[in-house]
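According to numbering that gives the first Met the number 0, the sequence shown holds residues 0 to 402 in order.
Heads up, the beta-carbon is just placed ideally off N, CA and C, and yes, glycines get one too.
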Amino acid sequence: MRLMPLLTAIIVSAVLYALVFERDALLAFAQAEPREADSAAEEDTLNPVSVVALTSTAETVDNAVVLRGRTEAARQVLVASETMGQVVSEPIRKGTFVNAGDLLCELDPGTRMAQLAEANARYTEAQGGTPQAQATVAEATARVREAEINLNVAQSLSQDGFASETRRISAEAALEAANAALQRASSGIVSAEAGIESAQAAVLAAEREIERLKINAPFSGLLESDTAELGTLMQPGSPCATVIQLDPIKLVGFVPEANVAQISVGSAAGARLITGEQITGEVTFLSRSADEQTRTFRVEVRVPNPDLTIRDGQTAEILIQSEGRSAHLLPASSLTLDNDGTIGIRAVDSANIARFMPVTVLRDTIDGIWVTGLPPQVDVIIVGQEYVIDGVLVAPTYQEAEG
0 MRLMPLLTAI
10 IVSAVLYALV
20 FERDALLAFA
30 QAEPREADSA
40 AEEDTLNPVS
50 VVALTSTAET
60 VDNAVVLRGR
70 TEAARQVLVA
80 SETMGQVVSE
90 PIRKGTFVNA
100 GDLLCELDPG
110 TRMAQLAEAN
120 ARYTEAQGGT
130 PQAQATVAEA
140 TARVREAEIN
150 LNVAQSLSQD
160 GFASETRRIS
170 AEAALEAANA
180 ALQRASSGIV
190 SAEAGIESAQ
200 AAVLAAEREI
210 ERLKINAPFS
220 GLLESDTAEL
230 GTLMQPGSPC
240 ATVIQLDPIK
250 LVGFVPEANV
260 AQISVGSAAG
270 ARLITGEQIT
280 GEVTFLSRSA
290 DEQTRTFRVE
300 VRVPNPDLTI
310 RDGQTAEILI
320 QSEGRSAHLL
330 PASSLTLDND
340 GTIGIRAVDS
350 ANIARFMPVT
360 VLRDTIDGIW
370 VTGLPPQVDV
380 IIVGQEYVID
390 GVLVAPTYQE
400 AEG
């Protein structure tokens, strides 16, 4: 039992000896392990991470605004009757191609030809009244001149005392009567001219009414409906047929306000129909006013359609060419995300330090992805970018860009 106190005394004595007489050696021993750990950390910091990088140079690439839209006939008109009558022409079936001016519907003239003959007779009669009115005016003019001469003579004789005052007054009254007759004759000419114009207007109205009996195609196109059936009683506004023009045809889309500045009238455009057919044309209209509900702008593209294979109302994906932009073509695998979820790439700076750079994806192609937002030339890490963060020293191995 006395052995334990003895051992305790020996251990305490050894510790006191070390603390007093071997203090420096003890501290050196205690600090040896932390110093080794710091050295290891510094060595890790100075040890670069191997990555594969690609030197990319920006290129100017064509840009395009992509829209969802539809095809639309260049023109579509419901041809209607302007007068009343019964259809006397055989119907033309829908799907038939008609040229501008072709007869679509013809109406029974009824008594319209008789009305035209009557209007012509009245016009001829009105023209015959003009010479008589002119002769009356000439006669009235002559009487005025005669009355003026008589008045002058009466006034001269009255002044010299050779004629009575009564004669002068009678001459003045005769002149006034002649002037009144002249005014009535002139009014007769005006009435005759008005009668001529009225009769002429009646003739033109009768001729126009007869012209309305034939309803013609306003432009070349396809009949979208049958023309009015034989025997149909037409009223003003009754439909005869619907004609649509498909050559050229329009592509109609709606541009978001964020992209409207990239489009201008005359820009080249293309489209892929839902059938897979690809067509090309040019922008002919860009609205200046946005839709109140969607805040988008209507755009129209004119496309030739000589064989009429493109139909009205087909769904289309429209691509409108816009001004070229400077962009980099990079492998899709080079894209990464930062801690905030921003898409970008890891680049190598001049000191071989990894840096994150955000990008905007412009277009995805079979050869890679076109991105913008980078300097004109940049060293992009294409292998190992997921294992480094900003500020990490890297040892890049450069890969040559494919020609």
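Ordered along the chain, which non-local residues of its own chain (more than five positions away) have a Cβ less than 7 Å from that of residue i?
| i | result |
| --- | --- |
| P235 | S80, E81, T82, M83 |
| G265 | E281, V282 |
| D107 | G84, Q85, V87 |
| S332 | I381 |
| S224 | K93, A240, T241 |
| D311 | T70, E71, A72, I243, L245 |
| S237 | A79, S80 |
| G340 | none |
| M226 | Per the sequence presented here, residue 226 reads as Thr, with Met not at that position. Once the five neighbours on either side are set aside, the close Cβ partners of T226 are P90, I91, L103, C104, C239, A240. |
| F355 | D337, G343, R345, D389 |
Cα separation between residue i and residue j?
| i | j | result |
| --- | --- | --- |
| P268 | G372 | In the sequence on display, residue 268 carries Ala and not Pro. Each residue's Cα considered, the two are about 26 Å apart. |
| N338 | V347 | 19 Å |
| S325 | E58 | 5 Å |
| L212 | A200 | 19 Å |
| I309 | A350 | 59 Å |
| A260 | L285 | 10 Å |
| I397 | V379 | In the sequence as presented, Ile is not what sits at residue 397; that position holds Tyr. Their Cα atoms are separated by approximately 9 Å. |
| E322 | A257 | 15 Å |
| A144 | A120 | The question names Ala, but residue 144 in the sequence shown is Arg. Between R144 and A120, the C-alpha separation is close to 38 Å. |
| V393 | L334 | 18 Å |
| Q126 | R207 | 22 Å |
| E399 | D366 | 15 Å |
| A176 | I148 | 14 Å |
| Q376 | D363 | 20 Å |
| A172 | S190 | 27 Å |
| D290 | A315 | 20 Å |
| Q292 | D61 | 31 Å |
| D101 | E210 | 14 Å |
| I195 | S169 | 39 Å |
When you compare the CB of residue i with every CB in chain D, is at least one pair closer than 8 Å?
| i | result |
| --- | --- |
| T82 | Included in the structure is just one protein chain, with no chain D present. |
Based on Cα-Cα distance, which residue from the options lies nearest to residue i?
| i | options | result |
| --- | --- | --- |
| P90 | T231, E192, R211, A289 | T231 |
| R345 | G390, D306, D290 | G390 |
| I214 | V360, E105, V393 | E105 |
| V387 | L336, V60, R142 | L336 |
| P217 | R301, V377, V78, T140 | V78 |
| E124 | A315, A176, S197 | S197 |
| Y469 | A315, D61, L203, A227 | Outside the modelled stretch of the chain, which goes from 0 to 402, sits residue 469, for which no answer is possible. |
| V48 | L103, A353, L102, E175 | A353 |
| L307 | N46, F96, V60 | F96 |
| T140 | T341, Q182, L102 | Q182 |
Flag this pair as yes or no: are the beta carbons of residue i and residue j separated by less than 8 Å?
| i | j | result |
| --- | --- | --- |
| I243 | L221 | yes |
| A118 | A193 | no |
| A63 | I262 | no |
| L329 | S55 | yes |
| N98 | S288 | no |
| I342 | P357 | yes |
Go through its chain and collect everything with a Cβ distance to residue i's Cβ below 6 Å, but skip five positions before and after it.
| i | result |
| --- | --- |
| Q75 | I243 |
| P395 | V50, A52, V347 |
| I317 | L66, G68, L250, G252, A270 |
| T359 | T371, G372 |
| H327 | S55, A57, V370, L373 |
Report all residues from its chain with a CB closer than 8 Å to the CB of residue i; omit the five preceding and five following residues, and keep chain order.
| i | result |
| --- | --- |
| L229 | V86, V87, S88, E89, P90 |
| P247 | A73, G280, R301, V302, P303, N304 |
| A116 | none |
| Q313 | R69, T70, L272, I273, T274 |
| M233 | S80, T82, M83, G84, Q85, V86, C104, L106, A227, C239 |
State whether the region 68 to 77 contacts the region 380 to 391, with contact taken as three or more CB pairs (one from each stretch) at a distance under 8 Å.
no
On the three-pair Cβ rule with 8 Å, is the region 262 to 282 touching the region 110 to 123?
no
Touch test, the region 296 to 307 against the region 248 to 265, Cβ-Cβ under 8 Å, three pairs minimum:
yes
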